[in-house]
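Written below as structure tokens is the structure these notes are about.
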Amino acid sequence: MNNAHIPKLKQLDGRTILMITIIACFVTFLAPDQYSHALFTLFLLILMCLSGYWKQSLCFAIVYIIIVGWLTIGIYNNIVFPSPLFLALIYKIIMPFIPAYMLNKIPSGQLTAGLRKLPIPQKILMVLIVMLRFVPTVSQEFKAVRDAMKIRGFLSSFGNVIRHPLGTLEYAVVPMVFRSLKISDELTASAIVRGIECPGNKDSYYVSTLTGIDLEISIITVLFAVVCIVII
Amino acid sequence: MEKIVVMTKAKFGIRDIMTAAAMIVLCVAVNMIIGTITLPVPILYLYFSAGMEGFLGAVFYLVVANRINKHGLLLIWSTIFGLIQLISGYAFMLPYFVLLGALAELIMIGENSYRKPVRNAIGWGVYTAGMFIGIAVPLWWAWDSYSEMALNSGFTVQTLDMQLNMVKSPGLMILGSVISLVLAVLGIMFGQRLLRKHFQKAGVV
Amino acid sequence: MGKTINVKMLSFSYNGNVNQLKKINLKVNPGEVIVLTGPSGSGKSSLTRVINGLIPYFYNGELSGEIELDGKPISAIPTYERGRYIGNVFQDPRSQFFANEVAGEIAFGCENYGYSHDRICEQVEFAAKMIQITDIMDFNLHALSYGMRQKVAIASAYAVAPEVYVMDEPSANLDTKSTFIFGELVQKLKREGKTVMIAEHRLHYLLGIADRYLCMDDGEIVREFTDNEIRTLSDDMIQLLGLRTPDLRNIVYFAQAVQKKKKKVFELVDLCKKFGKITAADKISFSGYSGEIIAIIGSNGTGKSTIGKLMAGLIKEDSGQILLYGKPTKKKYRLGQVWYIPQDLDSQLFGESLLDELLTGKKETPERKTKALQIIQQLGLTNVIKQHPATLSGGQKQRLALGVALMYNAPIIIMDEPTSGLDGRNMKKVSKIIKELADEGHVILVITHDAEFALACCGRAIQIQNGKIVHDFLIKDPIEILQKMDYL
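Chains as they are written, first to last, in the numbering used here: chain Z, 49 to 280; chain C, 14 to 218; chain E, 215 to 702.
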């Protein structure tokens, strides 16, 4: 395989990125002060850049700085809106969001192959995989239902919707459920006739292996996390 | 002749997994909308989002519950949400959600429990209240952790008035759980009506 | 090569109700392409499902009789194993794909059957090459056209190298060009000696490819035709058997009486709409008159649906005007005046019974109720009035959707592919109702690639290509329409 064009870190296995996400969750809560928090965030942003997502990395950096600034100003001047609680929450969540974004960018087949190797019970894994497949479908189907609701006049005015919330809800939910059930049944049939219930060990088209890079990055991440939490 | 509905002893088959996955995705979509709307007003988010999600999600839950009628549904449901939390920043909550699911399963012990409205109401209600606690506790930790962090960075206590004291209190925790439970049960009632009117009538459940 | 299928005295009923299949006897020889056709509900799909194992495993019921694959009983092969020997292509390109990317989808069967990673890659590449889709391996399935998706479906079945292929209305959602391309793939399978069974309404793309055509009705095989015989079937026979016209050049066409120009209901003036780089509508201008039924034709992706949605007020135009009765209108006004009926009917049914479907949304008054009942009768749906809309057949749902438009007195009705998947009889019913509505004064636009339907009820056709109108003509000559719709 020709790796010359792929940024080095894009070869990271999904499992490694998942581990980084989990570590980020811990660091964001355990970091003792704003500087160690910012340091680890910077580390993650660099990882993101090296994986080829430098545009997004820049966006995240800007958002982070804005949130920190806003929060500081808000607290010093007792500004209530936007609520500092809200901003503080975003501040905490940004950090694990960065590796989560990278996780999201992995093609679902590749991600699935990686997830299969984790010690997750089969049924749960299957539900997750099918959920990944359903997400684009649900958004398309909802557009169709929303258009139909518009034509019928169910969404004719905001007042209309507010006055009959349960009715509007029924109009939105019922066709969605019918469509989703139909699609899930047809999908099941399609999967059954292609042997999804065949027992035995299954290989995958996509390769998900842990390579040297994974090990290196994992160790670096863990060390850095410890440094940020404990030492600084 | 009496028609006895026997709960299938079989484990989750592929059809059950697909149905559950489809409905859970709808539920997640609804949750994300509610989360996005309520997040800017933290009090609303903290005390009402779980309940609202329980209200709107009840119908999707009921569809799966009635269709597949097998034990393990709430456990799987809760675990999946725990896994979603894992990549949204609260990885440490996963064991909590698994336990929550197990607790809900205990409530649903027995034959055909997943087709009985009252049982579903209790099971889903407990699950929703558990979701509230599952959102509230990490949220409090997030805010406390930020306060501590800000103090360590040189803020003074006076300037750090973040309305936190208003929002945190054990009494309010109980109130939140009750709100969530009530909204969830109302959701089951609404969902049960939709079930009867549409899905059972059309025979898809 | 290929395998023999021997069906003996096969009967099936869904849970004790009417028999879907009644003592079917059929022998399929290796390398044959068999077409199962007939009206909806005749049992074509059921027969394919017994062969691939979905009946009785997934669709419960009572099954009796035997099927033999190369002399051995098929019941000995568990359903999950049958995929090795029998490949499948289903009807809906939105719901038969498991993966999100093309390569993963093609690999699906191989993965399930425990092939080693290397063998999976080999087979996937092999299948992609044979079906000629090697250039889209990394594409997201949701971004592909329906025609491309059905190619992926064949590739996915092909990768496991079965000898038998079973297809259930694979062309139902495809436009004309994609349908012919699909036909070529079936031809290719035949050349490789595979045995293919296709349940289909649309027969035209299989002419010259299929060996035998089996007409089913009410659970039994009633007639069998060779390729030549079915081409020259008389129109009476076609009607009797409830089929679609096999050779479209033989469509019996009654020229519509040329109407005197009636009231101008709408006019589009230089309508433009772009989605990013794609031009969906490029200075579209035309008018519609009371009583007209206009066919909007053109290959998929050329903006037909967009024009419908623009007219209906669902999307906002970039520039241009839409006039109703001479007055320029805003998007909001058009909602409800121009009634757009999308292709997928399940997303637009909201009620719990037919009456509820027509009455829901506004206050129920005695006048409205009477009107609703009258509409239901006009549409021939009185016998199912108490049923839930979700339980109706495709043809019934289509008529119900028209009924809703009538309840709201929409003067302009736009139907998007109303006959995809409908058999001959239902297509004619829809066509008849549309003509009645036109006589009552409505203007009806039908976005369609169903030539038979266009010839059955439309008086005028507008051909759209790349967002532009290329032809706007009165339908006088069936051959002209067939040519413009890419059938010839």
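Heads up, the beta-carbon is just placed ideally off N, CA and C, and yes, glycines get one too.
Discussion item. I'd like to check one pair, E/Phe500 with E/Glu630: are the Cβ atoms closer than 8 Å?
Written reply: Locating residue 630 of chain E in the third sequence gives position 416, counting from the first residue. Locating residue 500 of chain E in the third sequence gives position 286, counting from the first residue. Looking at the sequence provided, one finds Asp at residue 630 of chain E rather than Glu. 8 Å or more divides the Cβ of E/Asp630 from the Cβ of E/Phe500.
Fill in: Residue-level contact to chain C via CB, Z/Ile279, 8 Å cutoff
Here residue 279 of chain Z is taken as the residue at index 231 of the first sequence, counted from 1. No, Z/Ile279 lies away from the interface with chain C (no Cβ there is under 8 Å from its Cβ).
Worksheet item: On the three-state DSSP scale, how would you describe Z/Ile141?
Response: One-based indexing of the first sequence puts residue 141 of chain Z at position 93. Helix at Z/Ile141.
Discussion item. Residues in the same chain with beta-carbon distance under 6 Å from C/Lys16, minus the five sequence neighbours each way, listed in chain order, please.
Written reply: Sequence index remark: in the second sequence, residue 16 of chain C carries index 3 (1-based). Annotation note: pLDDT 36 at C/Lys16 (below 50); position unreliable, coordinate value reported separately. The answer is none, since no qualifying residue turns up.
Item to complete: Go through its chain and collect everything with a Cβ distance to C/Leu116's Cβ below 8 Å, but skip five positions before and after it.
Response: Within the second sequence, the letter at position 103 stands for residue 116 of chain C. Its chain contains Val139 and Gly143 as the residues whose beta carbon lies nearer than 8 Å to that of C/Leu116, once the 5 sequence neighbours on both sides are disregarded; these appear in chain order.
Worksheet item: Contact between the segment 51-62 of chain C and the segment 185-195 of chain C: three or more CB pairs below 8 Å?
Response: With contact defined as three or more Cβ pairs closer than 8 Å, the segment 51-62 of chain C and the segment 185-195 of chain C are in contact.
Fill in: Selected residue, minimal CA-CA separation from E/Met198, among E/Thr390, E/Asp389, E/Leu399 and E/Lys391
Look at the range of chain E in this structure, 215 to 702, and you will see that residue 198 of chain E is not part of it.
Worksheet item: So what does DSSP say about E/Met362, is it helix, strand or coil?
Response: Numbered from its first residue, the third sequence carries residue 362 of chain E at position 148. In the structure shown, E/Met362 sits in a helix (DSSP, three-state: H, G or I).
Discussion item. Tell me which residues share the same chain as E/Lys708 and place their Cβ nearer than 6 Å to its Cβ, disregarding the 5 neighbours each side in the sequence.
Written reply: One cannot answer for residue 708 of chain E here, as it falls past the ends of chain E, which runs 215 to 702.
Item to complete: Output yes or no for whether 8 Å exceeds the beta carbon distance between E/Lys585 and E/Met621.
Response: Residue numbering aside, residue 585 of chain E sits at position 371 when the third sequence is read from its first letter. Residue numbering aside, residue 621 of chain E sits at position 407 when the third sequence is read from its first letter. Yes, they are a contact pair.
Item to complete: Could you name each continuous alpha helix (DSSP H) segment of 4 residues or more that falls completely within the segment 107-138 of chain C, going from the start of the chain to the end?
Response: Residue ranges of uninterrupted alpha helix (DSSP H) with 4 or more members, entirely inside the segment 107-138 of chain C and ordered along the chain, are 107-120.
Discussion item. I need the DSSP call for Z/Met49, collapsed to helix, strand or coil.
Written reply: Working through the first sequence from its first residue, we reach residue 49 of chain Z at position 1. At Z/Met49 the pLDDT is 42, less than 50, meaning the model places this residue with poor confidence; the figure from the coordinates comes in the next sentence. Reduced to three states, the DSSP call for Z/Met49 is coil.
Practice prompt. Using a Cβ cut-off of 9 Å, pull out every chain E residue sitting near C/Lys83, in sequence order please.
Written response: As a position in the second sequence, residue 83 of chain C is number 70, starting the count at 1. The premise fails here: C/Lys83 is roughly 17 Å from chain E at the closest Cβ pair, so nothing lies under 9 Å.
Worksheet item: In or out: E/Met223 buried (at least 16 other Cβ within 10 Å) or exposed?
Response: Here residue 223 of chain E refers to the residue found at position 9 of the third sequence. By the neighbour-count rule (16 or more Cβ atoms within 10 Å), E/Met223 is not buried but exposed.
Worksheet item: Going along the chain, which residues of its own chain have a beta-carbon closer than 8 Å to the beta-carbon of Z/Met49, five neighbours each way excluded?
Response: Mapped onto the first sequence, residue 49 of chain Z falls at position 1. Because the pLDDT at Z/Met49 is just 42, under 50, the model does not fix this residue reliably, and the value given afterwards should be weighed accordingly. Nothing listed; no residue qualifies.
Discussion item. 8 Å is my cut-off, CB to CB: does Z/Ser131 come that close to chain E?
Written reply: Locating residue 131 of chain Z in the first sequence gives position 83, counting from the first residue. No, Z/Ser131 lies away from the interface with chain E (no Cβ there is under 8 Å from its Cβ).
Discussion item. Beta carbons nearer than 9 Å to chain C: which residues of the segment 595-622 of chain E have them?
Written reply: Across the segment 595-622 of chain E, CB contacts with chain C closer than 9 Å involve Gln601, His602, Pro603, Ala604 and Thr605, in sequence order along the chain.
Worksheet item: What are the residues of the segment 275-306 of chain E that lie near chain C, defined by any Cβ-Cβ distance shorter than 7 Å?
Response: For the segment 275-306 of chain E, no residue has a beta-carbon sitting nearer than 7 Å to a beta-carbon of chain C.
Fill in: DSSP state of C/Val218 mapped onto helix, strand, coil
For the purposes of this step, residue 218 of chain C is taken as residue 205 along the second sequence, with counting starting at 1. DSSP places C/Val218 in coil when its eight states are reduced to three.
Worksheet entry | Straight-line gap, E/Glu315 to C/Ala104 (C-alpha atoms, nearest Å) | Residue numbering aside, residue 315 of chain E sits at position 101 when the third sequence is read from its first letter. Residue numbering aside, residue 104 of chain C sits at position 91 when the second sequence is read from its first letter. C-alpha of E/Glu315 to C-alpha of C/Ala104: approximately 29 Å in a straight line.
Worksheet item: Just curious, the alpha helix (DSSP H) that E/Val303 is in, first and last residue?
Response: To locate residue 303 of chain E, count along the third sequence from 1; it is residue 89. No alpha helix (DSSP H) contains E/Val303, which is instead part of the beta strand (DSSP E) from Ile300 to Val303.
Worksheet entry | Cutoff 8 Å: E/Glu571 Cβ touching any chain C Cβ | The residue you call residue 571 of chain E lines up with position 357 of the third sequence. E/Glu571 is outside the set of residues whose beta carbon lies under 8 Å from a beta carbon in chain C.
Item to complete: Name the residue from E/Arg639, E/Gly681 and E/Ile368 whose alpha carbon lies nearest to the alpha carbon of E/Lys491.
Response: Here residue 491 of chain E refers to the residue found at position 277 of the third sequence. Taking only the C-alpha atoms, the option nearest E/Lys491 is E/Gly681.
Discussion item. Below 8 Å on C-beta distance, what does E/Glu566 contact in chain C?
Written reply: In the third sequence, counting from the first residue as 1, residue 566 of chain E sits at position 352. In chain order: Lys210, His211 and Lys214.
Fill in: Sequence ranges, beta strand (DSSP E) only - wholly within the segment 441-518 of chain E, length at least 3
Runs of the beta strand (DSSP E) inside the segment 441-518 of chain E: 478-489, 492-503 and 507-511.
Discussion item. So, with DSSP's three-state summary, where would you put E/Met699?
Written reply: As a first step, residue 699 of chain E is located in the third sequence; it is residue number 485 there, counting from the start. Reduced to three states, the DSSP call for E/Met699 is coil.
Discussion item. Between the segment 23-32 of chain C and the segment 104-115 of chain Z, can you find at least three pairs of beta-carbon atoms closer than 8 Å?
Written reply: No, they do not touch.
Discussion item. Is C/Val10 close to chain E? Criterion is C-beta to C-beta, closer than 8 Å.
Written reply: Here chain C covers residues 14 to 218 and nothing more, so residue 10 of chain C does not appear.
Discussion item. Relative to the C-alpha of E/Ala371, which candidate in Z/Ile138, Z/Ala239 and Z/Met96 has its C-alpha closest?
Written reply: Walking along the third sequence from the start, residue 371 of chain E turns up at place 157. Of the listed residues, the one whose Cα sits closest to E/Ala371 is Z/Ala239.
Worksheet item: In angstroms, rounded to a whole number, what distance separates the CA positions of E/Phe480 and E/Ile626?
Response: Residue mapping note: residue 480 of chain E aligns to position 266 of the third sequence, counting from 1. Residue mapping note: residue 626 of chain E aligns to position 412 of the third sequence, counting from 1. Going by the C-alpha atoms only, they are around 8 Å apart.
Worksheet item: From E/Ser359, E/Gly534 and E/Gly252, pick the residue whose C-alpha is nearest to that of E/Pro460; which is it?
Response: The residue given as residue 460 of chain E occupies position 246 in the third sequence. Just measuring C-alpha positions, the residue of E/Ser359, E/Gly534 and E/Gly252 sitting nearest E/Pro460 is E/Gly252.
Worksheet entry | C-beta atoms of E/Val378 and E/Lys217 nearer than 8 Å | Taking the third sequence and counting its residues from 1, the one referred to as residue 378 of chain E is at position 164. Taking the third sequence and counting its residues from 1, the one referred to as residue 217 of chain E is at position 3. Inclusion of E/Val378 and E/Lys217 in the CB contact set at 8 Å is warranted, their separation being smaller than that value.
Discussion item. Using a Cβ-Cβ distance cut-off of 8 Å, determine whether C/Met20 contacts chain Z.
Written reply: Numbered from its first residue, the second sequence carries residue 20 of chain C at position 7. Residue placement at C/Met20 is flagged as unreliable, the pLDDT there being 42, under the threshold of 50; a coordinate-derived value is accordingly withheld.
Worksheet entry | Contacts that C/Ala71 makes with chain Z (C-beta to C-beta distance below 8 Å) | Locating residue 71 of chain C in the second sequence gives position 58, counting from the first residue. At a C-beta separation below 8 Å, C/Ala71 has no neighbours in chain Z, since its nearest C-beta there lies roughly 11 Å away.
Worksheet item: Quick one, which residues of the segment 181-206 of chain Z are near chain C if we go by CB-CB under 9 Å, in chain order?
Response: The segment 181-206 of chain Z vs chain C, Cβ under 9 Å: Arg181, Phe182, Val183, Thr185, Val186, Ser187 and Phe190.
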